[in-house]
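Visitor:
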Amino acid sequence: MIWTLSAPLLLPFFTAIIAFLTRRSVAGKWVSLSGAVLHLGAALVLVSAVLDQGVIAGSFGGWDAPFGIALAADYLGAAMVVITGIIGVAVALYSFADISKSTEALGFHALFHLLLAGVTGAFLTADLFNLYVWFEVMLISSFGLLVIGGSKQEIDGAVKYVTLNLISTVMFLTGVGLLYGMTGTLNMADLHFAVQEVENKGLLSVVAIMFMVAFGVKAAVFPLFFWLPASYHTPSFSVSAVFAGLLTKVGVYALIRAFTLIFTHDPELIETVLLWVAVLTMVTGVLGAAAQSDFRRILSFHIISQIGYMVLGLALMTPLGLIGAVFYLLHHIIVKANLFLISGVANRIAGGTELARIGGLYTHAPLLAVLFLIPAFSLAGFPPLSGFWAKFIVIRASLELEMWIVAGAALFVGLLTVFSMTKIWAEAFWTPHPDALAPKLSRLSTHDWRAMMWPIIALAVMTVIIGLFPGVFYPFVETAADQLLNPTAYLDAVLGPDAVAAAQSAVGQAVIVEGN
Amino acid sequence: MGATSENPHQTGFLTAWVPVVLAAAIFAFFAGMIGDVSAGLAPEWSWAWLPGLDVALAFRVDGLALTFCLLISGIGTLIMLYASSYLNGHPEYGRFALYLFSFMLAMLGVVLADDIIALFVFWELTTITSYLLIGFNNAEAKARRNALQALFLTGAGALALLAGLILLASIAGSTRISEIVQVEGLTEHRWFTGTLILILLGAFTKSAQIPFHFWLPNAMAAPTPVSAFLHSATMVKAGVYLLARFHPAFADTSLWIWSLTLAGAATAVWASILALRQTDLKQALAYTTLMALGTLTLFLGQSDAYAMTGFITFLIVHSLYKAALFMVVGAIDHETGTREVAQLGGLGRLMPVTALAAALAALSMAGLPPLLGFIGKELLYAGALDAISAPVLVTAAALAANALMVAVAGIVALRPFWRGGVEALPKTPHEAPWQMLAGPVILAALGLIFGLAPSLLQDTLVAPTVAGLLGTPDMAKTLTLWHGVNLPLLLSGATLALGAAIYALHGSVRAFLITTLSRLPAFDNGWDVLINGLKRFAAALTAIIQTGDLRDYMRWTFLTLLVALVATGLLRNAFLWHFDLSDMSFAVAAILIITALAAVTATRATSRLMVVIAIGVVGVGVALIFITFGAPDVAITQLLVETLSVILVATVMLKLPRLYEGGTNPFRAGHALIAVALGGTMTLIMMGVVQGPLDLRLTEFFEQSAWVDAYGRNIVNVILVDFRALDTFGEIAVVAIAGIAAYALLRATSYHKKGEEK
């Protein structure tokens, strides 16, 4: 079991080593692509094991939880790893055309796979300190990917990115230390029980809020999202696609994990705070997008507003709310990464991402226009694309709780999303090119066409399939949400049923003593 | 717009004909269902789309749906045929046909859907295809703006509709429309008012009721076949369709009756007045469409059998004559190169077939016997007199709107053909190709045929639809040209007289309208104000948040943490304010004071060297604390790291610019306050944590197993390399990655510099 779990985690490390050794040869990118494919393969093996057996867990070195470090995959974790694998393959292929030889020689592919390793580790670990380690791996490899281009603009973005994320990491580490001091354990399943025995519940809430702020920076929620719009438009398109797809989602994932598995003692506080954070994130993010005039900057601000929807689903803390959050996560990774990949093609054939300086893509590159419309309208929540179902579920979940203002905000933000997506459409696609250029896809060489367009086509097809056949994916997401709200299966898998039964009776007694 | 035969982009045979044939096949399919539906059956089909949320792709064909389907696919066929000639040779005709056909399918989906979510999905698909079609002349800024306006307004309405439909399904406990409308007590639910308002918002924006009407005339930026099909005969009627669909459930509430009556009456009258003002034929027609939509809404606010029969008859009448007239105007534009009323005249001799079709359609529009328009108008007057809301108001509104329609019919469809004195035209007019004539002729002729033989419609479409609207069969009134002399007939006479008078005076009326209306604020300008305001607000807000200065970002991040921790601590009474510090030794206190002083010095230092030294002292102080508490190994590590960082930073420093220009260091009170407050809060939290019992399960396990199971004497080492080996692996990876990143950064910047030098 541990090998099924650790294969998608360890494979990128091996790929990274080989890719680094071959960074100056043509083989480097093929190593990267093969490694990405193997990573996706391992992720698919993992998800089939999870589908087969339910939540699976294992521990490293034979030291059982809570003493050693445990890895675990429930439906959500496994699905996130698969999506990571998909984005990995798409971007690895795209980088064939997007990444220059000199950047490859600096170790681009190694850093890329180390980033994938960090992301995968974060989705699979069942240990809070180990999660911190994966956050560090992600942070430092993403820093490398940000500065690898070496321009002043990129380094400026990278400095802001790394400083603010470092602050978040320090908060996270402080929180881990405090929580360990209160409970004496780091395993997340063990923490589920251990926190229930903490006497000073108020202090536990303070520590919980500390985690919320730390993960909030990672997830880029209001008012902690500064680093994202400061850096996402600067690096290569491959890098911004993989960042846009995955990085903030690790933060959202960590929020979901922490507040469904560990900090469930003070739901009133947590849900209220998350709810307002969600609404403000949606609104400020989408208004930020409305103020931009660059393809990638608009997309970057949209990430923030969409994170708001995911946090909203979590804040509702109902089965339907969490279904919405998980559906949103999975749909959004595909759509957002794809939009960034498309912006890269637009940059190549139309000569930029500043909307005022490009145009004519609708007339001259109709295929790209269609491929843009699919993720763009999906992001804006138009049916029958994947984003519609995600939005529909979240809005229905808030209406069911009679949260009128929240539902209204979510709908209104959807409208503003349409507004700024059509801005890209109208200016980059409909408006003729200001220099009367004809931005045809044939401006790409055959090699580059294949490397850039096939990932875009594949991701667009996935968006359409999720949109047309949501019924296929829904039961999976429903189970994922159920496992989050009722983590018995997760606890059993990580700690073993006997330990869970013992812990439950201990907590039960503690509650009885408290009652007396 | 149009193209001549020497155009190299001759539209291919298949591109031109496949949509026409497919649309005709769809029409034939629905025509084949007339028998079943008129017999009272309602064929259904469904597929579980998202069973987890009770969403089904469910279709149901009843009288109302079938009437719409026949209009959509029938007019659709003629429009596709028309467009293949109208846009013949356009390089993007393939895309155009695709959008238009997709629209037709989406529209069919709207009227056939029995599941509310399926209805919404198709509803939005009509919005998207409409957006692409209005912006079809994408190089024109006006087309892009108007496309966005339509998308934004109908999109906003659609979001309200979505919320309304979700609530409605929740109230009714079903997602099937055919079941929802039969649920008892729907209107007594406490959510009902809000739900109905949301649904009405969706319907009113789509069907362009006041105050959401202004997008529709702007949508005429689309090519004429689009205007004829979407923005007159079909899509804009989706809102009306929705109202009709929910009529059985809501029609007896006063909210329904009054909002439909008032919005419909205001739209009908106001639009008729504006129609008279226009000098562009297409714009004039656009406003008459608004009038028709207002009239249909007005009558859906009533529940009388006459009103319902009048509604469905007028719906059919309007679709027939309006599509015909739009195609006629398109043909005039195509053949003469202008749509300006003042320039056109005497086309009757040059384009006789077009003129005949236009005359028939215009007579139907004016409501003259023996055309179907006359029957429709009579029924509407009968319905108005029995109106449930305010018969006088409804009748007056209908009379005013109809009279104005008579005048507009004369201006739009008679004057260009029969008025003498032709001015020089951009092109020499001749009859349009047969593909462009077929539509107007067939549709106009149907107005006459149905007028002469209304029984063709009576049992096939009208009766089943009225039965659906009222919920009981056999209520439909008879369609006939002669009802005897009664009040509706007198009203018809008055309408004609009034209309003729307005027509005679329309020149001066128009001049009066233009001067008066130019003094009123226009809705369309309001839209620009709204959008610009939104942009400015967004820009201002974003400039406040995203300043571009890292120090601002850090300040807000720390402040957020501080506020969050303090607020939670106070709210949950988490902090312990009394701690016992009596066991603190003098040595520890001294270390703490020195460390704190060093930290303050670091913030106030004016040179980098001073900052580095001060931070070094802080690090050493921390190491000393570790030693005091019996962790010499940790202390050694700390000292090593500190020494190394001081050396590294000092080396790098030589290359850095001065810390503060001018050598003075402005003390930042705000920063200091945040730092001290955050430090104090962390101390409070720490004090709380250490006062709780320490759980030593893990420590005890490590102590016991380190030697016995893991064969190591140094517990810390065993933890690092065995118990938590994965962490150590990750941290080693971090160091290695930092190395790669540093290598990449240094090399990349030197590459970059080389590039600049070149």
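In order, the protein sequence lines correspond to chains A and B. Per the working numbering, the first sequence runs over residues 2 to 517. Per the working numbering, the second sequence runs over residues 89 to 846. The C-beta atom is built at its ideal place from N, Cα and C for all residues, glycine as well.
Name, please, each residue of chain A whose Cβ falls closer than 7 Å to the Cβ of Asn661 of chain B.
Guide: Residue numbering aside, residue 661 of chain B sits at position 573 when the second sequence is read from its first letter. Correct list: Gly203.
Visitor: Could you check the C-alpha separation between Met415 of chain B and Thr364 of chain A for me, to the nearest Å?
Guide: The count along the second sequence starts at 1 and reaches residue 415 of chain B at position 327. The count along the first sequence starts at 1 and reaches residue 364 of chain A at position 363. Answer to the nearest angstrom: the Cα atoms are 27 Å apart.
Visitor: Do Val280 of chain A and Ala481 of chain A have their C-beta atoms within less than 8 Å of each other?
Guide: To locate residue 280 of chain A, count along the first sequence from 1; it is residue 279. To locate residue 481 of chain A, count along the first sequence from 1; it is residue 480. No, the Cβ-Cβ distance between Val280 of chain A and Ala481 of chain A is not below 8 Å.
Visitor: Please return the same chain residues whose Cβ sits closer than 7 Å to the Cβ of Thr165 of chain B, not counting the five positions on each side in sequence.
Guide: As a working mapping, residue 165 of chain B is identified with position 77 in the second sequence. So the qualifying residues of the chain are Val108, Ala111, Ala112 and Phe115.
Visitor: Buried or exposed: where does His448 of chain A fall if 16 or more other Cβ atoms within 10 Å of its Cβ makes it buried?
Guide: On the first sequence, position 447 is the one that residue 448 of chain A refers to. It counts as exposed.
Visitor: How would you call Ala504 of chain A, buried or exposed, if buried means at least 16 neighbouring beta carbons within 10 angstroms?
Guide: In the first sequence, residue 504 of chain A corresponds to position 503, counting from 1. Looking at its Cβ environment, which holds 16 or more other Cβ atoms inside 10 Å, Ala504 of chain A is buried.
Visitor: Can you determine whether any heavy atom of the ligand PLP sits closer than 7 Å to the C-beta of Ile298 of chain B, and answer yes or no?
Guide: Absent from the structure shown: the ligand PLP. Ligands present: none.
Visitor: Along the chain, where does the beta strand (DSSP E) containing Trp137 of chain B start, and where does it finish?
Guide: Taking the second sequence and counting its residues from 1, one reaches residue 137 of chain B at position 49. Here the beta strand (DSSP E) through Trp137 of chain B covers Glu132 to Leu138.
Visitor: Under 9 Å Cβ-Cβ, which residues of chain A neighbour Leu761 of chain B?
Guide: Within the second sequence, residue 761 of chain B is the residue found at index 673, counting from 1. Those within 9 Å of Leu761 of chain B in chain A number zero; the least Cβ separation is about 18 Å.
Visitor: Using a Cβ cut-off of 8 Å (strictly closer), state whether Ala565 of chain A contacts chain B.
Guide: Examination of residue 565 of chain A is not possible in this model, given that chain A is present from 2 through 517 alone.
Visitor: Around the C-beta of Phe173 of chain A, are 16 or more other C-beta atoms found within 10 angstroms, so that it is buried, or is it exposed?
Guide: Within the first sequence, residue 173 of chain A is the residue found at index 172, counting from 1. Looking at its Cβ environment, which holds 16 or more other Cβ atoms inside 10 Å, Phe173 of chain A is buried.
Visitor: Is there a Cβ of chain A sitting closer than 8 Å to that of Lys623 of chain B, yes or no?
Guide: The sequence position of residue 623 of chain B within the second sequence is 535, counting from 1. True, the Cβ-Cβ gap to chain A drops below 8 Å.
Visitor: Keeping to the same chain, check which residues put their C-beta closer than 8 Å to that of Leu343 of chain B; ignore five residues upstream and five downstream.
Guide: Within the second sequence, numbered from 1, the residue matching residue 343 of chain B stands at position 255. Closer than 8 Å at the Cβ level, and outside the excluded window around Leu343 of chain B, lie Thr281, Leu284 and Ile285.
Visitor: Taking only the alpha-carbon atoms, compute the straight-line gap between Thr16 of chain A and Leu115 of chain A and give it to the nearest angstrom.
Guide: On the first sequence, position 15 is the one that residue 16 of chain A refers to. On the first sequence, position 114 is the one that residue 115 of chain A refers to. Put simply, the backbone Cα of Thr16 of chain A is about 9 Å away from that of Leu115 of chain A.
Visitor: Less than 8 Å between the CB atoms is what I'm expecting for Gly539 of chain B and Pro458 of chain B, so what's the real figure, rounded?
Guide: By 1-based counting over the second sequence, the position of residue 539 of chain B is 451. By 1-based counting over the second sequence, the position of residue 458 of chain B is 370. Yes, they are in contact, since the Cβ atoms of Gly539 of chain B and Pro458 of chain B sit about 5 Å apart, within 8 Å.
Visitor: Does any CB atom of chain A fall closer than 8 Å to the CB of Ser93 of chain B?
Guide: The sequence position of residue 93 of chain B within the second sequence is 5, counting from 1. The predicted position of Ser93 of chain B is uncertain, since its pLDDT is 41 and thus under 50; a value taken from the coordinates is nonetheless stated next. False, the Cβ-Cβ gap to chain A never drops below 8 Å.
Visitor: Among A:Trp64, A:Phe216, A:Leu362 and A:Thr423, whose alpha-carbon lies nearest the alpha-carbon of Ser443 of chain A?
Guide: Walking along the first sequence from the start, residue 443 of chain A turns up at place 442. Cα-wise, what sits closest to Ser443 of chain A is A:Leu362.
Visitor: Ignore the nearest five residues each way along the sequence and tell me which others in Ser60 of chain A's own chain have a CB closer than 8 Å to its CB.
Guide: Counting from 1 along the first sequence, the entry for residue 60 of chain A is found at position 59. So the list reads Ile3, Ala66, Gly69, Ile70, Ala71 and Leu72, once near-sequence residues are dropped.
Visitor: Using a Cβ-Cβ cut-off of 7 Å (strictly less than) and excluding sequence neighbours within five positions of Arg397 of chain A, which residues of its own chain qualify?
Guide: Mapped onto the first sequence, residue 397 of chain A falls at position 396. Taken in chain order, the residues that qualify are Leu321.
Visitor: So the candidates are A:Val148, A:Gly309, A:Val214 and A:Val196; which of them puts its Cα closest to the Cα of Pro236 of chain A?
Guide: For the purposes of this step, residue 236 of chain A is identified with residue 235 of the first sequence, where counting begins at 1. Per the Cα distances, A:Val148.
Visitor: Distance cutoff 8 Å, beta carbons only. Does Arg25 of chain A sit that close to anything in chain B?
Guide: Within the first sequence, numbered from 1, the residue matching residue 25 of chain A stands at position 24. Answer no: the Cβ-Cβ gap between Arg25 of chain A and chain B never drops below 8 Å.
Visitor: Is any beta-carbon of chain A found at less than 8 Å from that of Asn306 of chain B?
Guide: Numbered from its first residue, the second sequence carries residue 306 of chain B at position 218. Taking Cβ atoms only, chain A never reaches closer than 8 Å to Asn306 of chain B, which makes this a no.
Visitor: Starting from the C-beta of Phe714 of chain B, find all residues in its chain whose C-beta is less than 8 Å away, skip the five residues before and the five after it, and write them out in chain order.
Guide: Along the second sequence, read from residue 1 onward, the residue named residue 714 of chain B stands at position 626. So the list reads Pro720, Val722, Ala723 and Gln726, once near-sequence residues are dropped.
Visitor: Taking a cut of 9 Å between CB atoms, which residues from the stretch 627 to 648 of chain B lie near chain A?
Guide: Ala627, Ala628, Leu629, Thr630, Ala631, Ile633, Gln634, Thr635, Gly636, Leu638, Asp640, Tyr641, Met642, Trp644, Thr645, Phe646, Leu647 and Thr648
Visitor: Taking the C-alpha atoms as reference points, what is the distance between His759 of chain B and Met770 of chain B?
Guide: Indexing the second sequence from 1 puts residue 759 of chain B at position 671. Indexing the second sequence from 1 puts residue 770 of chain B at position 682. Rounded to the nearest angstrom, the two C-alpha atoms are 16 Å apart.
Visitor: Sort A:Ala461, A:Thr265 and A:Val196 by Cα distance to Val508 of chain A and report the nearest one.
Guide: Residue mapping note: residue 508 of chain A aligns to position 507 of the first sequence, counting from 1. It is A:Val196.
Visitor: Would you mind stating whether Ala153 of chain B and Val209 of chain B have Cβ atoms separated by less than 8 Å?
Guide: For the purposes of this step, residue 153 of chain B is taken as residue 65 along the second sequence, with counting starting at 1. For the purposes of this step, residue 209 of chain B is taken as residue 121 along the second sequence, with counting starting at 1. Contact flag unset, no.
Visitor: Does DSSP put Arg148 of chain B in a helix, a strand or coil?
Guide: Translated into the one-based positions of the second sequence, residue 148 of chain B becomes position 60. Arg148 of chain B falls in the strand class under three-state DSSP.
Visitor: Identify the contact partners of Leu129 of chain A in chain B, using a Cβ-Cβ distance below 8 Å as the criterion.
Guide: What you label residue 129 of chain A is simply residue 128 of the first sequence in a count that begins at 1. Those within 8 Å of Leu129 of chain A in chain B number zero; the least Cβ separation is about 11 Å.
Visitor: Is the stretch 221 to 236 of chain B touching the stretch 339 to 357 of chain B in the sense that three or more CB pairs, one from each, lie closer than 8 Å?
Guide: no
Visitor: Over what stretch of residues does the alpha helix (DSSP H) that includes Ser347 of chain B continue unbroken?
Guide: Position 259 of the second sequence, counted from the start, is the residue given in the question as residue 347 of chain B. Ser342 to Arg365 is the span of the alpha helix (DSSP H), which, as asked, contains Ser347 of chain B.
Visitor: To the nearest angstrom, how far is it from the Cα of Phe21 of chain A to the Cα of Ala91 of chain A?
Guide: In the first sequence, residue 21 of chain A corresponds to position 20, counting from 1. In the first sequence, residue 91 of chain A corresponds to position 90, counting from 1. Cα to Cα, the separation comes out at about 20 Å.
Visitor: Quick one: any contact between the stretch 637 to 648 of chain B and the stretch 221 to 241 of chain A, if contact means 3 or more CB pairs under 8 Å?
Guide: yes
Visitor: Taking the alpha carbon of Leu557 of chain B as the point to measure from, which residue in B:Ala693, B:Thr155 and B:Ala359 has its own alpha carbon closest?
Guide: Position 469 of the second sequence, counting from 1, holds the residue named residue 557 of chain B. Nearest option by C-alpha distance: B:Thr155.
Visitor: Where does Ser93 of chain B land, buried or exposed, given buried means 16+ other C-beta within 10 angstroms?
Guide: As a first step, residue 93 of chain B is located in the second sequence; it is residue number 5 there, counting from the start. Confidence at Ser93 of chain B is low in this model, with a pLDDT of 41, below 50, so the placement of that residue should be treated as unreliable; the coordinate-derived value is given next. Under this definition Ser93 of chain B is an exposed residue.
Visitor: Hey, how far is the Cα of Ala821 of chain B from the Cα of Val138 of chain A?
Guide: Taking the second sequence and counting its residues from 1, one reaches residue 821 of chain B at position 733. Taking the first sequence and counting its residues from 1, one reaches residue 138 of chain A at position 137. Using only the alpha carbons, I get a separation of about 7 Å.
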